[in-house]
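Visitor: Going by mature numbering (1 follows the signal peptide of the UniProt record, and there is no 0), the letters in the sequence shown line up with residues -27 to -1, 1 to 151, in that order.
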Amino acid sequence: MPPRLRPALVACVAVVLLLVGSTTAYAAWARSATVAAGAVTGGSFSGTVTWSTAPNLAGMHPGETRVGVVQVARTASTNGRWVYAVGAPTAAPSGTVTAASTALAGQLVVTVYTGATFTGTTCAGTPATLGVASPVQALGAVVRHCVAVRLLPTAPSTVQGGSVAVTVPITLENRSTN
C-alpha cells in the first residue's frame, strides 16, 4: 500500500468504528416501554351574568338616561382562568308586541361602560369595546359594568306605553391554567 493512502485508510476505518460503536452503545442503552391508555375526562365550565342593579326603564322621558350594573362572575369551586366579551346590546319589544313597543325599541341607545360605578344617571369609565375579550380573569373574580339606557330626546309620543327588554350579551370562555 502506498504510504500516501495509509493515513486516509486509517481515518476511514476510525470513522466506521466510531459509527458502529456508537450505534451499538445506543442500542444497548436505549429502552422502550408501552404505556397503557388512560382516561381523559372533560371538566365543566360555568359562569354567571346577572343584573346586580337592574335599570328601571318604566316611565322614561325623552332625553332621559337610566343606569344599571351587570355583574359577570365565575365562582365555581374548580381552578381555571377565564375571559369574557361584551356583545352589542339590544332593545327589543317584550311581552305582546305593539306598535309602541316596536317604536320604543328603536328610540333607545344602550351603552355598556368599563366601570361599574355611576352617579345618578351617569356611568363612570369609558364605553366598553364590544366583542373584544377582556384581560384574563382569575377564578372567583367578579367584574361589573355600568349599563346606560337612554331614550333619545327626539323620541315621538307614539312610544308611550311601549314595553322593551334590554339585552347585554356576554360570552365567557375558559383559559389555560398553565
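The beta-carbon is built from N, C-alpha and C at its ideal position, and this holds for glycine as well.
What are the start and end residues of the alpha helix (DSSP H) that includes L77?
Guide: Start and end: 72 to 78.
Visitor: Using a Cβ-Cβ distance under 8 Å, would W55 count as near chain B?
Guide: As a matter of chain content, chain B is missing from the structure shown, which is built from one protein chain.
Visitor: Tell me whether P(-21) sits in a helix, a strand or coil according to DSSP, three-state version.
Guide: If DSSP states are grouped into helix, strand and coil, P(-21) belongs with the helices.
Visitor: In this structure, does DSSP put V56 in helix, strand or coil?
Guide: Here V56 sits in strand by DSSP.
Visitor: Going by C-alpha distance, which of T127, H118, T131 is nearest P142?
Guide: Taking only the C-alpha atoms, the option nearest P142 is H118.
Visitor: Could you give the DSSP three-state label for V132: helix, strand or coil?
Guide: If DSSP states are grouped into helix, strand and coil, V132 belongs with the helices.
Visitor: Where do the N-terminal and C-terminal ends of the beta strand (DSSP E) with L145 fall, by residue?
Guide: Segment 143 to 148, the beta strand (DSSP E) holding L145.
Visitor: Cβ of T84 within 8 Å of Cβ of G98?
Guide: For T84 and G98, no; Cβs fall outside 8 Å.
Visitor: Taking DSSP as the reference, what is the three-state secondary structure of V43?
Guide: Correct three-state label for V43: strand.
Visitor: Could you check which residue in G113, T75, V139, A58 has the C-alpha nearest to that of N29?
Guide: Nearest of G113, T75, V139, A58 to N29, Cα basis: V139.
Visitor: So, are the CB atoms of L112 and Y57 less than 8 Å apart?
Guide: No, the pair does not count as a contact, with Cβ atoms beyond the cut-off.
Visitor: Measuring CA to CA, which of A46, A78, G20, P129 is closest to S136?
Guide: That would be A78, whose Cα lies nearest to the Cα of S136.
Visitor: Please state whether DSSP places S25 in a helix, a strand or coil.
Guide: S25: strand per DSSP, three-state reduction.
Visitor: Taking the beta carbon of W24 as the centre, do at least 16 other beta carbons fall within 10 Å, making it buried, or is it exposed?
Guide: So W24 ends up on the exposed side.
Visitor: By the 10 Å Cβ neighbour count, where 16 or more other Cβ atoms means buried, how is S107 classified, buried or exposed?
Guide: Classification for S107: buried.
Visitor: Using the Cα positions of S17 and V116, report the straight-line distance between them to the nearest angstrom.
Guide: C-alpha separation (whole angstroms): 21 Å.
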